[in-house]
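Following: one structure in structure tokens, then a few remarks.
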Amino acid sequence: MESSTVRGNWSGRVGFVLAAAGSAIGLGNIWMFPYRAGQYGGAAFVFVYLGAVVLIGLPLLNSEILLGRATRRNPVGALRLLSPGTGWPVVGWLGVIAGFVILSYYGVVAGWALDYTWMAASGQLFSSTSGSMSGAFEKLAANGPRQVWWQGLFMLATIFIVSRGVEQGIERTGKILMPLLFGIVLVLLGYSLTSDGVERGLEFFMRPRFSELGWQGALAALGQAFFSLSLGMGAMITYGSYLGEDESLPGSVAMIAVADTALAILAGLVIFPLVFTFNLEPSAGPGLVFITLPQAFAMMPAPAFLASLFFLLLIFAALTSAVSLLEVAVAFLVDEFKFSRVTASVGAGAIIFCLGLPSALSEGFLDHVDALASNWLLPVGGLCTALFVGWSLDRAAARKFYAAGGSGRGFEMFHFCIKYLAPVAVGVILLQNTWPVISGLFAG
Ligand code: TRP
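Right under this line is the structure:
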């Protein structure tokens, strides 16, 4: 009892679901998902993504949360408690490291959103007569100190929230920002669905073009599902560790996944009609949100208002996700080394800020770190989590953890997915990503 009050707890199911949805909903939904759908065949990408969320994402989300809830520990401590004297805790270590890596560049991209909000609200973004938004982005990308400033500010906010604790910091932030976020999306949706490009935008987003998907797009969709649901590095183990045994899992898990998926689709519905209204390029890649979309805003009435609202949305989404990334490291330091929460938050946050400096100073570096995390660390972590829950944990224990606080309905399906389906599918992602490297070795 005493240790659980020191660690902290969610006040209840609503707080937990909103915090976990806050972790899931982030730059992955609003920045990555639309540009990837644009690149990989619209609804063709969305179909594979939805399949991956249901068949792999849901079981893995369930697995991570139940591991945390059953052990009330950070990822390293959770695996050590369930499997003492084995190599499994290494998977937890991998997760803690992945959290450092992801947050390092995540803070930089969130910093861009801060810069854009500031530029839009102060009228600078749309003041240049040339109206070249790629110019605006290139200027920012070339200005290291300016990026570092915004990244630092964003990290300070993240540290502050985490240092205040599970209920007073993380849960409260989710309870305020999540409803605001959905509200902003609905306002923006009102604009986009009444714009001239709505038909062509929906057609582009909602009609599958399988020829543009390809094997690579299918794998990108799987990786996207992982990243978007915050899986593969113990973030959900950590959030699960603050959850009481009296809360039923599958319902909450489904709500988190539905909220996350809904927000990704809504982001697409906001962005594509606007892009088509002004005949802009919908498959622009990572620049879609930072270059193409502001061009569309520039041609609408009240561009500064619209752009500020959109980038504020991006900041809110990013902040609740960054908090979950930092919380993994903090829970680890608090549980394993008895640091105080404040010391752990400030210490880990400062290190992550420094790790992010190369990403702020070089866009190429940022892309590499992103690829390292999404293509390697998360899939490996997810694969190991599936193998642990499916094969190492015995079936009776898995059933007990799954069913605590509820009826245990759906266990058979869950166990089949986590034991066979998830490892095979994730194994394929990994092989696909390693294959060029392996074949390169032989070709060389
Ligand atoms: N899910 C968040 C997004 O879509 C990012 C994120 C937060 C994350 N915590 C995570 C990704 C843990 C992987 C693992 O932006």
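In our numbering, the protein residues as written are 526 to 969.
Cβ coordinates follow ideal geometry from the N, Cα and C atoms, glycine included.
These numbers were taken from a predicted model, which means no experiment stands behind them.
Alpha carbon to alpha carbon, how far is residue 549 from residue 829? Give it in angstroms, no decimals.
Looking up residue 829 in the sequence shown gives position 304. Looking up residue 549 in the sequence shown gives position 24. For residue 829 and residue 549, the distance between alpha carbons rounds to 28 Å.
Cα-Cα separation, residue 803 to residue 824:
What you label residue 803 is simply residue 278 of the sequence shown in a count that begins at 1. What you label residue 824 is simply residue 299 of the sequence shown in a count that begins at 1. C-alpha separation (whole angstroms): 8 Å.
Could you check where the alpha helix (DSSP H) with residue 627 kicks off and where it finishes?
Mapped onto the sequence shown, residue 627 falls at position 102. That run of the alpha helix (DSSP H) goes 614-646.
Specify, as a first and last residue, the run of the alpha helix (DSSP H) that residue 798 falls within.
For the purposes of this step, residue 798 is taken as the residue at position 273 of the sequence shown. From DSSP, the alpha helix (DSSP H) with residue 798 extends over 774-802.
Environment of residue 565 [buried if 16+ CB atoms lie within 10 Å]:
The residue you call residue 565 lines up with position 40 of the sequence shown. It counts as buried.
According to DSSP, simplified to helix, strand and coil, what is residue 733?
The residue you call residue 733 lines up with position 208 of the sequence shown. It is a strand residue.
Inter-residue spacing [alpha-carbon to alpha-carbon] between residue 779 and residue 755
On the sequence shown, residue 779 is found 254 positions in, with the first residue counted as 1. On the sequence shown, residue 755 is found 230 positions in, with the first residue counted as 1. Straight-line Cα distance between these residues: approximately 14 Å.
Relative to the ligand TRP, is the shortest distance from any of its heavy atoms to the C-beta of residue 551 smaller than 7 Å?
For the purposes of this step, residue 551 is taken as the residue at position 26 of the sequence shown. Yes; taking the cut-off as 7 Å, the Cβ of residue 551 has a heavy atom of the ligand TRP nearer than that.
Can you tell me where the alpha helix (DSSP H) holding residue 695 begins and where it ends?
Within the sequence shown, the letter at position 170 stands for residue 695. That residue, residue 695, is in no alpha helix (DSSP H); it is neither H nor E in DSSP.
Quick one: residues in its chain with C-beta nearer than 6 Å to the C-beta of residue 798, no 5 flanking neighbours on either side, listed in chain order?
Against the sequence shown, residue 798 aligns to sequence position 273. So the qualifying residues of the chain are 717, 720, 722, 723 and 726.
Could you compute how far the alpha carbon of residue 626 sits from the alpha carbon of residue 561?
Looking up residue 626 in the sequence shown gives position 101. Looking up residue 561 in the sequence shown gives position 36. If I take the Cα positions, the gap works out to 22 Å.
According to DSSP, is residue 567 helix, strand or coil?
On the sequence shown, position 42 is the one that residue 567 refers to. The answer is strand: DSSP assigns residue 567 an E or B state.
Rounded to the nearest angstrom, what separates residue 537 and residue 769 at their Cα positions?
Start at 1 with the first residue of the sequence shown, and residue 537 comes out as number 12. Start at 1 with the first residue of the sequence shown, and residue 769 comes out as number 244. Computed Cα separation, rounded: 8 Å.
From residue 586 to residue 913, what distance separates their C-alpha atoms?
The residue given as residue 586 occupies position 61 in the sequence shown. The residue given as residue 913 occupies position 388 in the sequence shown. Their backbone Cα atoms lie some 14 Å apart in a straight line.
Please classify residue 485 as buried or exposed, where buried requires at least 16 other C-beta atoms within 10 Å of its C-beta.
Because the chain here runs from 526 to 969, residue 485 falls outside it and cannot be looked at.
Is the number of C-beta pairs between the region 837-857 and the region 627-643 that are closer than 8 Å three or more?
yes
Which whole-angstrom value is the C-beta distance of residue 730 and residue 793, which I expect to be below 8 Å?
Counting from 1 along the sequence shown, the entry for residue 730 is found at position 205. Counting from 1 along the sequence shown, the entry for residue 793 is found at position 268. So it is a contact: roughly 5 Å between Cβ atoms.
Buried or exposed: where does residue 752 fall if 16 or more other Cβ atoms within 10 Å of its Cβ makes it buried?
In the sequence shown, residue 752 corresponds to position 227, counting from 1. The residue in question, residue 752, is buried, as its Cβ has 16 or more Cβ neighbours within 10 Å.
Please indicate yes or no: does the CB of residue 938 lie closer than 7 Å to some heavy atom of the ligand TRP?
Within the sequence shown, numbered from 1, the residue matching residue 938 stands at position 413. Flag unset: Cβ of residue 938 not near the ligand TRP.
Contact set for residue 833: own chain, Cβ-Cβ below 6 Å, skip 5 residues either direction
Position 308 of the sequence shown, counted from the start, is the residue given in the question as residue 833. Excluding positions up to five away in sequence, the list reads 642, 645 and 646.
Using 8 Å for Cβ pairs, my map puts residue 807 next to residue 814. What's the rounded Cβ distance?
As a first step, residue 807 is located in the sequence shown; it is residue number 282 there, counting from the start. As a first step, residue 814 is located in the sequence shown; it is residue number 289 there, counting from the start. Not a contact, Cβ separation roughly 12 Å.
Considering only heavy atoms of the ligand TRP, does any lie closer than 7 Å to the CB of residue 752?
Translated into the one-based positions of the sequence shown, residue 752 becomes position 227. Checking the Cβ of residue 752 against the ligand TRP gives yes.
According to DSSP, simplified to helix, strand and coil, what is residue 534?
Indexing the sequence shown from 1 puts residue 534 at position 9. Residue 534 falls in the coil class under three-state DSSP.
Any chance you could list the beta strand (DSSP E) runs of at least 3 consecutive residues sitting entirely within the region 856-898, in chain order?
none
Spatial neighbours of residue 787 in its chain, beta-carbon cut-off 8 Å, leaving aside the 5 residues before and after
On the sequence shown, residue 787 is found 262 positions in, with the first residue counted as 1. Cβ within range, chain order: n/a, list empty.
Output the boundary residues of the alpha helix (DSSP H) element that contains residue 753.
Sequence index remark: in the sequence shown, residue 753 carries index 228 (1-based). Run containing residue 753: 739-753, per the alpha helix (DSSP H) assignment.
Using only the heavy atoms of the ligand TRP, determine whether one of them is closer than 7 Å to the beta carbon of residue 918.
Here the question's residue 918 lines up with position 393 in the sequence shown. Residue 918: no, Cβ never under 7 Å from the ligand TRP.
Determine the extent of the alpha helix (DSSP H) in which residue 909 is found, giving its start and end residues.
In the sequence shown, the residue the question calls residue 909 occupies position 384. Its alpha helix (DSSP H) spans residues 903-912.
Beta carbon of residue 598 nearer than 8 Å to that of residue 606
Counting from one through the sequence shown, the residue named residue 598 turns up at place 73. Counting from one through the sequence shown, the residue named residue 606 turns up at place 81. Contact: yes.
Spatially closest choice to residue 932 from 945, 775 and 953, by CA coordinates
Locating residue 932 in the sequence shown gives position 407, where the first residue counts as 1. Of the listed residues, the one whose Cα sits closest to residue 932 is 775.
Tell me which residue opens and which closes the alpha helix (DSSP H) that residue 599 is part of.
On the sequence shown, residue 599 is found 74 positions in, with the first residue counted as 1. Where residue 599 is concerned, there is no enclosing alpha helix (DSSP H), given that its DSSP letter is neither H nor E.
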